[in-house]
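Presented below is the structure to which this report refers.
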Amino acid sequence: MADLKVSALPVKTTPTTSDLAYIVDVADTTDGASGSSKQVTIASLPFVQKAGDTMTGPLVVNSASGSAVVIGPNGGTNPVLTVDASTASAATGIKIKGAAAAGGVAVSVTSSGTNENLTVDAKGSGTITIGGTSTGAITLGQATNISGATTITSNSSSSLVIGANGATNPVVKVDSSVASVATGLQIQGNAAGADIILSAISSGTNENLRLKAKGTSTSASQIIVQAGALMVKAPSGNWGGGDVATIYWGDTGRSITATNGSDTVFSTGDNLILQATGGGFTQQIRINPSRLLVYKSGTSTPAAGDANSGIVMGSANVGFYWGSGAPTLSAAQGSLYLRTDGSSTSTRLYVNTNGTTGWTNITSAT
Numbered sequence: 170m171a172d173l174k175v176s177a178l179p180v181k182t183t184p185t186t187s188d189l190a191y192i193v194d195v196a197d198t199t200d201g202a203s204g205s206s207k208q209v210t211i212a213s214l215p216f217v218q219k220a221g222d223t224m225t226g227p228l229v230v231n232s233a234s235g236s237a238v239v240i241g242p243n244g245g246t247n248p249v250l251t252v253d254a255s256t257a258s259a260a261t262g263i264k265i266k267g268a269a270a271a272g273g274v275a276v277s278v279t280s281s282g283t284n285e286n287l288t289v290d291a292k293g294s295g296t297i298t299i300g301g302t303s304t305g306a307i308t309l310g311q312a313t314n315i316s317g318a319t320t321i322t323s324n325s326s327s328s329l330v331i332g333a334n335g336a337t338n339p340v341v342k343v344d345s346s347v348a349s350v351a352t353g354l355q356i357q358g359n360a361a362g363a364d365i366i367l368s369a370i371s372s373g374t375n376e377n378l379r380l381k382a383k384g385t386s387t388s389a390s391q392i393i394v395q396a397g398a399l400m401v402k403a404p405s406g407n408w409g410g411g412d413v414a415t416i417y418w419g420d421t422g423r424s425i426t427a428t429n430g431s432d433t434v435f436s437t438g439d440n441l442i443l444q445a446t447g448g449g450f451t452q453q454i455r456i457n458p459s460r461l462l463v464y465k466s467g468t469s470t471p472a473a474g475d476a477n478s479g480i481v482m483g484s485a486n487v488g489f490y491w492g493s494g495a496p497t498l499s500a501a502q503g504s505l506y507l508r509t510d511g512s513s514t515s516t517r518l519y520v521n522t523n524g525t526t527g528w529t530n531i532t533s534a535t
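Our numbering numbers the first residue of the sequence shown as 170 and each following residue consecutively.
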């Protein structure tokens with residue numbers, strides 16, 4: 170090769186990695202104090218991009234460094250982006266794929282393997298925010314595992330919706346849209362055999378817990394409890410003097426009430442009261458272990474009997490009635506009447522003879 174100045178050599182616009190380039194090695198002063206002439210392959214040259222340059226071809230960086238690519242206003246000091254390729258036999262990475270406008274951007278894992286995880290971490294106790302400024306929804310397309318506590322801040326009527334078809338006929342829906350909402354439901358799990366507990370939570374001291382079926386049909390709109398038993402505990406959780414626990418239904422004061430009086434836990438002094446209140450009076454059936462059955466204990470004895478004060482049986486409505494004086498009430502044939510003021514063998518007990526107001530006395534032995 171003839172001796173020529175570098176400036177006189179022809180220009181090669183697309184050098185290959187095996188091409189040679191002339192350099193001056195300033196660290197080698199063999200040729201002179203300013204350095205020694207040497208050749209290098211294009212592949213061994215470090216890539217230097219000056220400000221404002223534009224690359225028109227692909228960029229491939231071969232490096233096993235922990236800082237294979239570093240971008241930042243201060244270089245490697247607090248960089249904006251660092252690519253770490255230092256893992257031995259590294260074979261995984263990130264692929265960013267652009268698309269036409271409104272086609273989105275895809276970020277995916279590359280790997281020589283079939284399945285690879287993707288881990289995204291903040292630093293220390295920092296927070297990972299997804300969609301912090303965007304206004305669109307966030308979609309999780311696969312099963313999702315959460316190992317820490319989860320908090321959802323929302324005032325939507327569909328703050329949490331779970332179902333096979335999303336918001337269409339969901340299995341679970343949480344509505345937190347009520348203004349100044351301050352009540353909620355807590356579900357507490359326990360060890361096996363230690364119960365699962367549903368409780369009302371509130372900023373107040375006392376809150377009701379309401380279960381509602383859908384619709385108004387008495388045959389279809391039902392709350393069904395399927396269990397070995399249904400237990401209603403007193404407000405204190407354990408029975409003590411004066412404790413009362415009541416199950417109400419309807420809108421006229423009908424209830425089933427379990428009371429304790431001054432007795433100890435479920436002693437023979439406990440009562441089960443079936444009570445209906447309306448029309449200015451109260452009707453009760455009280456089951457008391459010491460007296461078995463008490464019916465309408467708070468009702469005055471009706472004169473000549475009362476068709477609404479009795480115990481009836483079967484489709485024929487044959488009943489037992491009571492009152493003071495001879496009976497005049499209408500009742501099913503065969504019904505019995507106990508006269509509270511009867512004083513002779515022929516005035517203590519009566520039987521209905523015609524299905525209306527006909528009664529005849531039954532003579533007792535004494």
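We treat Cβ as the ideally placed atom computed from N, Cα and C, and that holds for glycine.
- request: Report yes if the C-beta distance between G527 and Y506 is below 8 Å; otherwise report no.
  value: Start at 1 with the first residue of the sequence shown, and residue 527 comes out as number 358. Start at 1 with the first residue of the sequence shown, and residue 506 comes out as number 337. Taking 8 Å as the Cβ cut-off, G527 and Y506 do not qualify as a contacting pair.
query: Quick one: does I480 have its CB under 8 Å from some CB of chain B?
result: The chain inventory of the structure shown lacks chain B, comprising one protein chain alone.
query: Just the Cα atoms here: how many angstroms apart are P339 and A333?
result: Numbered from 1 along the sequence shown, position 170 holds the residue referred to as residue 339. Numbered from 1 along the sequence shown, position 164 holds the residue referred to as residue 333. When the Cα atoms are used, P339 and A333 turn out to be separated by approximately 7 Å.
query: On the three-state DSSP scale, how would you describe S175?
result: Walking along the sequence shown from the start, residue 175 turns up at place 6. Note on identity: in this sequence residue 175 is Val, with Ser being the wrong assignment. If DSSP states are grouped into helix, strand and coil, V175 belongs with the helices.
task: Using a threshold of 8 Å, state whether the C-beta atoms of V533 and T509 are closer than that.
output: Taking the first residue of the sequence shown as position 1, residue 533 is located at position 364. Taking the first residue of the sequence shown as position 1, residue 509 is located at position 340. Reading the sequence as shown, one finds Ser at residue 533 and not Val. Taking 8 Å as the Cβ cut-off, S533 and T509 do not qualify as a contacting pair.
Whole-Å CB distance - K342 paired with S327, under 8 Å assumed: Here residue 342 refers to the residue found at position 173 of the sequence shown. Here residue 327 refers to the residue found at position 158 of the sequence shown. With 8 Å as the limit, K342 and S327 qualify as a contact, their Cβ atoms being about 6 Å apart.
query: Would the beta-carbon of T352 fall within 8 Å of that of S323?
result: In the sequence shown, residue 352 corresponds to position 183, counting from 1. In the sequence shown, residue 323 corresponds to position 154, counting from 1. In this structure, T352 sits away from S323, with a CB-CB distance that is not shorter than 8 Å.
field: Collapsed DSSP secondary structure at S213 in the structure displayed
entry: Taking the first residue of the sequence shown as position 1, residue 213 is located at position 44. In the three-state scheme derived from DSSP, where H, G and I count as helix and E and B as strand, S213 is classed as helix.
query: Using a Cβ-Cβ cut-off of 7 Å (strictly less than) and excluding sequence neighbours within five positions of G358, which residues of its own chain qualify?
result: Residue 358 sits at position 189 when you count from the first residue of the sequence shown. Contacts found: I365.
- request: Determine the direct distance from the alpha carbon of A495 to that of I531, and round the result to whole angstroms.
  value: On the sequence shown, position 362 is the one that residue 531 refers to. On the sequence shown, position 326 is the one that residue 495 refers to. Straight-line Cα distance between these residues: approximately 12 Å.
message: In this structure, how does DSSP classify A271 when only helix, strand and coil are distinguished?
response: In the sequence shown, the residue the question calls residue 271 occupies position 102. Reduced to three states, the DSSP call for A271 is coil.
query: Rounded to a whole number of angstroms, what is the C-alpha to C-alpha distance between Y490 and A348?
result: Taking the first residue of the sequence shown as 1, we reach residue 490 at position 321. Taking the first residue of the sequence shown as 1, we reach residue 348 at position 179. One C-alpha to the other measures close to 55 Å.
- request: Alpha carbon to alpha carbon, how far is N486 from L378? Give it in angstroms, no decimals.
  value: Along the sequence shown, one-based indexing puts residue 378 at 209. Along the sequence shown, one-based indexing puts residue 486 at 317. The straight-line gap from Cα to Cα measures roughly 39 Å.
field: In DSSP terms, what M482 is bridged to
entry: Sequence index remark: in the sequence shown, residue 482 carries index 313 (1-based). DSSP output for M482 lists V487 as bridge partner(s).
message: Only counting the same chain, and skipping five residues up and downstream in sequence, which positions put a Cβ closer than 8 Å to that of D172?
response: On the sequence shown, position 3 is the one that residue 172 refers to. Cβ neighbours of D172 beyond the five flanking positions: none.
field: S493 versus G511, S478, G272, residue with shortest Cα-Cα distance
entry: In the sequence shown, residue 493 corresponds to position 324, counting from 1. Closest by alpha carbon: G511.
message: I need the straight-line Cα distance from D290 to T298, nearest angstrom please.
response: By one-based count along the sequence shown, residue 290 stands at place 121. By one-based count along the sequence shown, residue 298 stands at place 129. Cα to Cα, D290 sits roughly 11 Å from T298.
Rounded C-alpha distance that separates Y191 from A202: The sequence position of residue 191 within the sequence shown is 22, counting from 1. The sequence position of residue 202 within the sequence shown is 33, counting from 1. Cα to Cα, the separation comes out at about 18 Å.
message: Can you list, in chain order, the residues of its chain with a C-beta nearer than 7 Å to that of G305? Leave out the 5 residues immediately preceding and following it.
response: Here residue 305 is taken as the residue at index 136 of the sequence shown, counted from 1. Contacts found: none.
message: With distance defined between alpha-carbon atoms, name the residue in V252, K264, P242, G226 nearest to S234.
response: Locating residue 234 in the sequence shown gives position 65, where the first residue counts as 1. Nearest option by C-alpha distance: V252.
- prompt: With a Cβ-Cβ cutoff of 8 Å, do L228 and Q208 count as a contact?
  reply: Numbered from 1 along the sequence shown, position 59 holds the residue referred to as residue 228. Numbered from 1 along the sequence shown, position 39 holds the residue referred to as residue 208. Going by C-beta atoms, L228 is not nearer than 8 Å to Q208.
query: For T210, which residues from the same chain have a beta carbon less than 8 Å from its beta carbon, with the 5 sequence-adjacent residues on both sides left out?
result: Here the question's residue 210 lines up with position 41 in the sequence shown. The answer, listed in chain order, is T186, S187, D188, L189, A190.
task: Output the distance between the C-alpha atoms of S205 and S176, rounded to the nearest integer angstrom.
output: By 1-based counting over the sequence shown, the position of residue 205 is 36. By 1-based counting over the sequence shown, the position of residue 176 is 7. Those two C-alpha atoms are separated by around 19 Å.
- prompt: Which whole-angstrom value describes the C-beta separation of I265 and V274, a residue pair presumed to lie in contact below a C-beta threshold of 8 Å?
  reply: On the sequence shown, position 96 is the one that residue 265 refers to. On the sequence shown, position 105 is the one that residue 274 refers to. Confirmed, Cβ separation roughly 7 Å.
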